[in-house]
Amino acid sequence: MTSIRLENISKSFPGVKALENVSLTIEPGEFFTLLGPSGCGKTTLLRTIAGFYQQDAGHVRLGDQCIDSVPPHRRDTGMVFQNYAVFPHMTVFQNVAFGLANRGIRGEEAREKVARALAMARLSGYEKRTPDQLSGGQQQRVGLARAMVIEPRVLLMDEPLSNLDAKLRIEMRAEIRDIQRQLGTTTVYVTHDQEEALVISDRIAVMKAGIVHQIGKPWEIYKNPRNTFVAAFVGNTNFIDGGVLGRTGVQLAVRPEELSLAADGSATGGASGGASPAVIPGVVQKSTFTGSLVTYTVSCGEGVTLAVERHRPAPSDILSAGARVKVIVPAEAILAFDPKTGERV
Amino acid sequence: MRRVERLNIWTLVTILGYAIVAFFLVYPLFNIFKFAFIDKETGILSLSNFGEFFSSPYYTVSFLNTLVVSVGGTLGALVLGIPLAFFTTRYRIFGKSFLSTLAVLALLSPPFIGAYSWIMLLGRNGFLRTALISIGIQLPPIYGPIGIILVYSLHYYPYVFLLASGALTTVDRSLEEAAENLGATGFRKFFRVTLPLVFPSVTAGALISFMMCLSNFDTPMIIGGNYRVLPTLAYNLFTSEVGERPGLASVVSIFLIVFASLVIFLQRYAAGRRKYSSSLINRPLVKRLKGWKSVGAHLVSWLIVALSTVPLGIVVLFSFRKTSGPVFHPGFGLESYRRVFFEVPKTITNSLIFSASSVVLIVVVGTLLGFVLARRRSVPARVLDPLLMIPYIIPGTVLGIGFIVAFNQKPLYLLGTGLIIVLAYFIRRLPYSVRSGASILKQIDPALEEAGINLGAAPGRTFRKVTLPLMLPGILSGAIMSWVTAINEVSSSILLYVGKTMTMPIRIYLSVMDGYFGPASAMSTILLAVTGLALFVLNRFFGLKKESLVG
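Top to bottom, those sequences are chains A and B. Taken in order, the first sequence gives residues 2 to 346; the numbers are from the working numbering. Taken in order, the second sequence gives residues 868 to 1418; the numbers are from the working numbering.
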């Protein structure tokens, strides 16, 4: 179990600053996710750890060792690639044994290790297949087995699931997490999928434009976004001008699941206890039913449109477009941001 | 409603295709087979010609010789082509595009120019050889297998280079990174991951080179000395003044066709194996090397290209040397050019007229047939497809022999005419032009044609108004390539020419054989200049796709 420390990493490509002064520490055994939109620098950071990019400034440490000048093939990191990068000219067995051979492990010992890794990746029996006989998901399992069989100090995963279909993605992310728990290997995981990040990670670093905006546990990131970017990128958020709720000079945000609806004219308040909730009258514009929940789009005038989620809706109380409602906004669910800087106030 | 197959222009084109195959391929080949399998004395079907071939070591040794020089030339092409491709695609090499242009020029120039240039350097009285002897280094003259292999390697390595570079730039970067991530670097990464990934393309390049070595005629003729290979043997047996042996020449021709078919078969097999090129999301990085590594990579790359272009430079240089008869004198002059322009101007006009006429034929017929093959999936069209590829496996020498035996009697008496040379150029180039015509078409959405027809234009009109304009750039660049190969053609025209239909490459060949290197150099320089000019035009106006050179 090895920690990773990134100290003031900066990296520019011609015309772009890919990373700006990034510092973070990943604890031994942690499943750490770099989350952000495309072009935010998350992959650059991962590739810097792998040694495929050399940072312009700053240091990368694995445990106590500074690896700035260690070439990629000696960094002892196991990387899983977005497009699998399974060697097409080798069988599954040869792919997985490749890293072992480079470490001088051959013969019976290699066979055992490969067998164990393949069993973990649920690929036993596929040893003699070639990659073109495998599905995308299976190829990615080979990529995973190949990376973990060498027992690297850290596992690096570059959007490993983004080329898979939605159902498989959900299945595989649970598997990856299970395997990582069993191995206990420190893992850095890159994704642009916020839901995936929330599900899979011990901690998340949210990045944008080469800057880390927030580091925290999934629920911290979700419940306490540090700025409007994090609030908007992770989960869904209603942004409301402060004036609507009588708080001028701030930008307010509230999650759709925190809001509830009451029929127009009914009594409100008291439902959530504590400070009395704000109430905004509005008209349902549309309702979107997605099985476990229904999402209402409520127009509240003055250009304010709110998304409101209701879980486990009963067929009888699904509102249709045109219904007049009151949106109930619990006071403690409201987050306030500085409209200029976007930072929390 | 029943669909009625109407007689439209495409049916006529298909018929034309069959006519071409029948008259210019099947008929000449049939004559070769007839000569080979019919006993000269008795006139009955027999294997006596084959028996005679195998009973004499004089003949059988050329079998082995052909294999030796073809394998040697191919290995040489691999040894030169692979490093050059690797260095120029993976590392930043100064003058990279200049190098690949020079390599292409070397490939398009006729091999015999390289051959006699090496004779001027390392032949019996070669300048380099005499210079080396004067400082005490004894080098054997370059005639024989070594010379042939040298010329082949330096001439055909661009095939390997172009195909391997193409593949190397489409290998997914992640694969090499994965190798590195798993602890493999340098040679290990190259031999375990990179090379296997481009292996199909390298094999294809090697097989094309092998094919070219196999059927090449002019190089062994010039630099081979007494070293006989199958194409030169066929030529000698067919034209020898001491008793022509068309039967034996036909036997040799059949061997050559069988050999070439085998190579094609292997090539198809290699091409059919899965290619590993990816969707190009992750193009390979081009690394900047430092220090001695950079010097080494530059040295190797430049040296390979220099070795293949130096012969061309030597020829240009010597064309401006003072000369009288076969002897060079110190100093420079335009004597050689004067002789070329005043003594054999007809050769130049012949070359221009023959190559231009053949290009017109190639473009018109190739485009029309290409269209038929690409768009019409009728049975006759599908059968025509492989038939039109036949010329690919017929060495020029064999086609020449076939044409002579086929067209030496009425009603198709064509011997001694320019037309027979034009037809030879046309047939030899046909597979390429048909293929390129078809592949250009495949990039054009058939819906465009359907729209044309839907709007009331007949198929022929739709082709002229919609398809043809879209195909034009591809057709023109194909035409230039065809012209370059036609104007440099030797191996069939050497059998088909008579005095009044002599072309530039043949004049060069004859001058070299007579030891008149001056005029030969002048004429070669003219050929090189027009080849270079064509290449420049291609590059400038159509964006030369180097991969297209390798079919």
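Ideal Cβ positions, reconstructed from N, Cα and C, are used throughout, including at glycine.
C-beta neighbour in chain B for residue i, strict 8 Å
| i | result |
| --- | --- |
| leucine 84 of chain A | Residue 84 of chain A is actually asparagine in this sequence, not leucine. Judged by the 8 Å Cβ criterion, asparagine 84 of chain A is in contact with chain B. |
| methionine 80 of chain A | yes |
| proline 73 of chain A | yes |
| phenylalanine 94 of chain A | no |
| arginine 182 of chain A | no |
| isoleucine 151 of chain A | yes |
| histidine 90 of chain A | yes |
| arginine 349 of chain A | Limits of chain A in this structure are 2 at one end and 346 at the other, which puts residue 349 of chain A out of reach. |
| serine 273 of chain A | With a pLDDT of only 46 at serine 273 of chain A, under the threshold of 50, the placement of this residue in the model should not be trusted, and no figure is reported. |
| proline 15 of chain A | no |
Presumed contact (8 Å Cβ cut-off) between residue i and residue j, rounded CB distance
| i | j | result |
| --- | --- | --- |
| serine 1222 of chain B | isoleucine 960 of chain B | 35 Å between Cβ atoms; not a contact. |
| leucine 157 of chain A | valine 207 of chain A | About 19 Å; that fails the 8 Å criterion. |
| valine 1357 of chain B | aspartate 1039 of chain B | Valine 1357 of chain B to aspartate 1039 of chain B, Cβ: 43 Å. No contact. |
| glycine 1114 of chain B | lysine 907 of chain B | 5 Å |
| serine 937 of chain B | leucine 1081 of chain B | 5 Å |
| alanine 973 of chain B | serine 1306 of chain B | Actually they do not touch by this definition, with Cβ atoms about 25 Å apart. |
| aspartate 194 of chain A | leucine 47 of chain A | Not a contact, Cβ separation roughly 15 Å. |
| serine 1 of chain A | alanine 322 of chain A | This structure leaves residue 1 of chain A out entirely; chain A is present only between 2 and 346. |
| valine 155 of chain A | threonine 45 of chain A | Going by Cβ atoms, the distance from valine 155 of chain A to threonine 45 of chain A rounds to 17 Å, so no, they are not a contact pair. |
| valine 295 of chain A | isoleucine 329 of chain A | About 16 Å; that fails the 8 Å criterion. |
Beta carbon proximity, residue i to chain A, threshold 8 Å
| i | result |
| --- | --- |
| asparagine 1149 of chain B | yes |
Contact test: residue i Cβ vs the ligand GDP heavy atom, cutoff 7 Å
| i | result |
| --- | --- |
| glycine 108 of chain A | Of the ligands one can find in the structure shown there are none, so the ligand GDP has no counterpart to examine. |
> Just by C-beta distance, which residues in the segment 98-110 of chain A are closer than 7 Å to chain B?
Replying inline: Phe99, Gly100, Asn103, Arg104
> Is the segment 1347-1366 of chain B touching the segment 1190-1197 of chain B, taking contact as three or more C-beta pairs under 8 Å?
Replying inline: no
>> In chain order, what are the residue ranges of uninterrupted beta strand (DSSP E) at least 3 long that sit wholly in the segment 1164-1223 of chain B?
In response: If only uninterrupted beta strand (DSSP E) runs of at least 3 residues are considered, those enclosed by the segment 1164-1223 of chain B are 1188-1191, 1194-1199.
> Of all the residues that make up the segment 1029-1052 of chain B, which are near chain A by a beta-carbon distance shorter than 8 Å?
Replying inline: Asp1039, Ser1041, Leu1042, Glu1044, Ala1045, Ala1046, Glu1047, Asn1048, Leu1049, Gly1050, Ala1051, Thr1052
>> By the 7 Å beta-carbon criterion, what residues does the segment 992-1025 of chain B contribute toward chain A?
In response: none
>> Ignoring anything shorter than 3 residues, give me the beta strand (DSSP E) runs that lie fully in the segment 64-121 of chain A, in order along the chain.
In response: Fully enclosed beta strand (DSSP E) runs of 3 or longer: 78-81.
> Between the segment 997-1013 of chain B and the segment 1028-1036 of chain B, do three or more beta carbon pairs fall short of 8 Å?
Replying inline: no
> Looking at C-beta atoms only, is the number of pairs between the segment 1049-1065 of chain B and the segment 965-981 of chain B that lie closer than 8 Å three or more?
Replying inline: no
> If we count Cβ pairs, one from each stretch, closer than 8 Å, do we get three or more for the segment 9-19 of chain A versus the segment 50-70 of chain A?
Replying inline: yes
> What are the complete beta strand (DSSP E) segments, minimum 3 residues, inside the segment 937-967 of chain B?
Replying inline: none
> Is the segment 1276-1285 of chain B in contact with the segment 1120-1132 of chain B, if contact means three or more CB pairs nearer than 8 Å?
Replying inline: no
>> What are the residues in the segment 1054-1079 of chain B lying within 9 Å of chain A by C-beta distance?
In response: Arg1055, Lys1056, Arg1059, Val1060, Pro1063, Leu1064, Phe1066
> When you check each C-beta in the segment 31-65 of chain A against every C-beta of chain B, which residues fall closer than 9 Å?
Replying inline: Arg48, Ala51, Gly52, Phe53
>> My parser needs the beta strand (DSSP E) runs of 3 or more residues fully inside the segment 111-179 of chain A; what are they?
In response: 155-159
> Residue ranges of each alpha helix (DSSP H) run of no fewer than 4 residues wholly in the segment 1259-1298 of chain B, ordered along the chain?
Replying inline: Counting only runs of 4 or more, we get 1263-1273.
> Would the segment 24-41 of chain A and the segment 84-93 of chain A be scored as touching if the rule is three or more Cβ pairs under 8 Å?
Replying inline: no
>> Three Cβ pairs or more, each shorter than 8 Å: is that satisfied between the segment 877-889 of chain B and the segment 309-316 of chain A?
In response: In short, these stretches do not touch, since the Cβ pair count stays below three.
>> If contact is defined by three or more beta carbon pairs under 8 Å, each pair taking one atom from either stretch, is the segment 1173-1181 of chain B in contact with the segment 979-999 of chain B?
In response: yes
> Quick one: complete beta strand (DSSP E) runs, 3+ long, within the segment 201-230 of chain A?
Replying inline: Along the length of the segment 201-230 of chain A, whole beta strand (DSSP E) runs at least 3 residues long occupy 204-209, 212-217, reported in chain order.
> Does the count of Cβ pairs from the segment 1210-1224 of chain B and the segment 1058-1068 of chain B closer than 8 Å reach three?
Replying inline: no
> Of all the beta strand (DSSP E) runs that stay within the bounds of the segment 965-1026 of chain B, which reach a length of 3 or more residues?
Replying inline: none
>> Quick test of the definition: if touching needs 3 or more C-beta pairs under 8 Å, does the segment 1365-1377 of chain B touch the segment 1282-1299 of chain B?
In response: With the cut-off at 8 Å, the segment 1365-1377 of chain B and the segment 1282-1299 of chain B touch.
> Given 8 Å as the limit, is there contact between the segment 146-156 of chain A and the segment 206-226 of chain A, that is, 3 or more CB pairs closer than that?
Replying inline: no
> Counting only runs that start and end within the segment 1365-1394 of chain B, where is the alpha helix (DSSP H) found for 4 or more residues in a row?
Replying inline: 1371-1380
> Is the segment 1230-1249 of chain B close to the segment 1292-1304 of chain B, with three or more CB pairs under 8 Å?
Replying inline: yes
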